[in-house]
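Sequential numbering of the sequence shown, starting at 1, is according to UniProt numbering.
C-beta atoms are modelled at their ideal positions from N, C-alpha and C, and glycine is treated no differently.
In this text the structure is predicted, and so the values were computed from the model without any measurement.
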Amino acid sequence: MKFFNAGQIYAADKSTIEKQGISSNELMERAAVQIFNWLHLRMQGAQVKIHLFCGIGNNGGDGMALARHLKEHGYNIEVNVVNYSDKRSKDFLINLDRLKDLKIWPNFLERDCGFAEIGRDDIIVDAIFGIGLNRNPDPWVAKLIQHLNHSGAFILAVDVPSGVFMDKAIEDTNAVIRANHVLSFQAPKLIFFLPETGVFSNQWEVLDIGLDPEYLAATETEYDLMGKNEVLPMYVPREKFSHKGTYGHSMIIGGSYGKIGAVALAARAALTVGSGLVTAYVPRCGYVPIQTLLPEVMVITDKDEDCIKSIEFDIRPTVVGLGVGLGTSPETAEALSGFLDGIESPLVIDADGLNLLSKHKELLKKLPPKTILTPHPKELERLVGSWKDDFEKLKKTKAFSKKHDVIIVIKGAHSITVYGGHGYVNTTGNPGMATAGSGDTLTGIITGLVAQGYAPLDATIFGVYLHGRAGDIALEQTGYQALTASKIIDAIGMAFIDLFKMPEVPEQEGQEES
Ligand SMILES: NC(=O)C1=CN([C@@H]2O[C@H](COP(=O)(O)OP(=O)(O)OC[C@H]3O[C@@H](n4cnc5c(N)ncnc54)[C@H](O)[C@@H]3O)[C@@H](O)[C@H]2O)[C@H](O)CC1
Ligand SMILES: [K+]
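Written as structure tokens, this is what we have:
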């Protein structure tokens with residue numbers, strides 16, 4: 001699914017109005033009817049007090065039109081116009097006027113006015129600002145927003161929570177609605193998925209308002225949301241007449257005294273995701289544990305007992321996953337530098353492998369094209385420098401990706417894979433996955449997919465999805481706290497099977513069981 005920016009949404013509106021021969025007010029009516037239907041289905045006429053807060057632009061216009069439908073169906077409503085500017089939009093005015101026919105007289109809220117009490121059991125509809133917000137709300141509007149946030153009432157936001165910008169960071173977090181639920185038109189917004197802005201949209205849902213499908217299909221976006229439908233075409237089926245050589249040879253290089261488990265996890269994940277062969281390259285202290293833990297995995301050892309000091313072997317792996325549990329000693333850095341001089345295979349780098357790149361930036365020049373880097377936020381900061389907000393983080397990561405021709409996974413609640421100017425936002429995963437070894441597992445998954453012939457970008461996007469999905473499946477048995485990296489690996493098989501499961505169709509009313 002695509003993430004459209006505000007300019008693209010306005011262009012889609014225009015194209016819809018032209019092609020479908022409707023007025024902008026008719027489009028607003030569609031939006032309002034969709035919200036009304038959503039509410040009506042859930043409330044079934046309940047007389048809970050609904051306080052609508054409407055700005056003076058088109059977001060406010062949606063709120064006004066919604067108020068009309070609610071009133072017509074007998075709901076208990078109160079309409080407030082948040083009069084923050086005298087530049088009222090045409091469609092807002094049309095819908096304000098239409099309220100008069102139903103004898104609805106809104107309260108006009110201005111600077112210095114007081115705000116009425118709102119009960120904890122009431123409902124607030126937030127239609128103050130939509131995607132048109134272009135500067136900080138006035139202090140009195142911020143005060144109103146605080147009043148609404150502190151009321152304890154359920155807040156339903158129209159399109160976006162008022163106060164979030166579509167393309168830049170929030171400056172004053174007190175001037176943003178904390179929405180319990182957001183009903184967003186046509187497509188989700190990127191801001192729902194970024195850590196700093198996502199917290200204002202507890203839950204979100206998309207309402208289809210029938211924007212011009214041709215425009216939406218033809219428009220290129222900077223970001224995409226990667227769900228099952230998007231990753232499924234990347235899946236590479238197993239062939240009948242294949243053998244283990246068909247599915248490549250993954251090599252996991254890493255480990256140091258006390259951190260051999262990281263290699264074991266990555267190697268087992270590579271194997272479980274379908275890599276034909278897996279070899280672990282570890283210091284000597286890793287030989288017995290890996291051989292004992294993983295009979296399917298071959299082991300090559302470094303000359304050193306405790307950490308990797310030279311990376312030399314005489315096999316030709318299809319792909320190398322490097323860095324888990326590796327350590328960052330100068331000797332290991334030297335070994336990495338020598339290894340990169342002769343590298344012939346694609347590369348996935350994680351953990352201390354990334355820290356070594358940050359410490360010795362000259363190594364970045366030696367990376368093969370499309371090397372995959374999987375940093376957590378601290379590792380990313382060491383690589384690309386610090387950022388002041390999520391938008392700058394994305395900008396810096398894109399610039400780094402372009403400069404070094406690398407694929408970067410920004411790990412987080414919604415991991416984002418960045419390649420060049422494009423970002424792919426993941427939909428799977430859960431907070432239980434913030435646990436030791438979860439990252440090592442991801443490294444193994446991506447490495448194992450590259451081994452099987454997935455192109456590096458596909459392997460990364462698909463691997464991030466599969467890792468999260470395996471975590472979600474494992475969660476059903478373990479709960480958040482007891483979810484461990486090993487359980488994620490155990491669920492990889494189910495995550496593959498889940499790719500081909502049809503969504504469950506809800507039983508129709510009156511449908512008989514056969
Ligand atoms: N395709 C769709 O998704 C449709 C969405 N609709 C709704 O329209 C809004 C966007 O409406 P717009 O009038 O462009 O902007 P807003 O209502 O968000 O903003 C109001 C207005 O106020 C000005 N402004 C911006 N920031 C400030 C500020 N801090 N203080 C004062 N004034 C400010 C700005 O110039 C804006 O014009 C979208 O979110 C949907 O809710 C359509 O109804 C149907 C199609
Ligand atoms: K809003």
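Each of Asn59, Asp126, Ala127, Ile128, Phe129, Gly130, Ala157, Val158, Asp159, Val160, Pro161, Ser162, Ile177 has a C-beta closer than 7 Å to some heavy atom of ligand 2; these make up the full list, in chain order. Inclusion of phenylalanine 53 and asparagine 80 in the CB contact set at 7 Å is warranted, their separation being smaller than that value. Remark: fewer than three beta-carbon pairs, one from each stretch, lie closer than 8 Å, so the stretch 452 to 460 and the stretch 477 to 490 are not flagged as touching. For histidine 422, the closest of Gly57, Thr441, His73, Lys402 by C-alpha to C-alpha distance is Lys402.
In the three-state DSSP reduction, glutamate 78 falls in the strand class (E or B).
Remark: the shortest separation between the CB of leucine 207 and any heavy atom of ligand 1 does not fall under 6 Å. Boundaries of the alpha helix (DSSP H) around asparagine 229: 228 to 231.
DSSP places histidine 414 in no alpha helix (DSSP H); its state is neither H nor E. DSSP places histidine 73 in the coil class of the three-state scheme, outside both helix and strand. Glycine 429 and aspartate 472 have their C-alpha atoms some 6 Å from each other.
Straight-line measurement puts the Cα of alanine 153 at about 7 Å from the Cα of isoleucine 118. Your pair glycine 323 and aspartate 352 checks out as a contact, with CB atoms roughly 5 Å apart and the cut at 8 Å. By the Cβ neighbour-count rule, proline 377 is exposed, with fewer than 16 other Cβ atoms within 10 Å of its own. The stretch 162 to 170 makes contact with the stretch 3 to 14, as at least three CB pairs between them are under 8 Å. With three or more CB-CB distances shorter than 8 Å, the stretch 62 to 76 counts as touching the stretch 28 to 40. Per DSSP, aspartate 352 is one residue of the alpha helix (DSSP H) stretching across 351 to 359. Note that the C-beta distance between glycine 325 and alanine 451 is not below 7 Å.
For aspartate 62, the CB falls within less than 6 Å of some heavy atom of ligand 1. Per DSSP, reduced to three states, the secondary structure at alanine 482 is coil, with no helix or strand assignment. Threonine 441 sits close to alanine 269, with the two beta carbons spaced by under 7 Å. Relative to ligand 1, the beta carbon of arginine 135 is positioned inside 6 Å of a heavy atom. In the three-state reduction of the DSSP assignment, asparagine 5 falls in the coil class, being assigned neither a helical nor a strand state. Sorting Val273, Tyr281, Ser242 by C-alpha distance to the C-alpha of glycine 255 places Tyr281 at the top. A heavy atom of ligand 1 is found nearer than 6 Å to the CB of serine 85.
From the listed residues Leu93, Asp224, Gln477, the smallest Cα separation to asparagine 25 is found for Leu93. At least one heavy atom of ligand 1 is found less than 6 Å from the C-beta of serine 89. Put simply, the backbone Cα of leucine 183 is about 24 Å away from that of alanine 218.
Straight-line spacing of the CA atoms in methionine 494 and histidine 467 works out to 11 Å. Distance from the Cα of glutamate 214 is smallest, within the candidate group Phe496, Asn426, Lys19, Met43, for Lys19. Within its own chain, no residue has a Cβ closer than 6 Å to the Cβ of isoleucine 315 once the five positions on either side in sequence are excluded.
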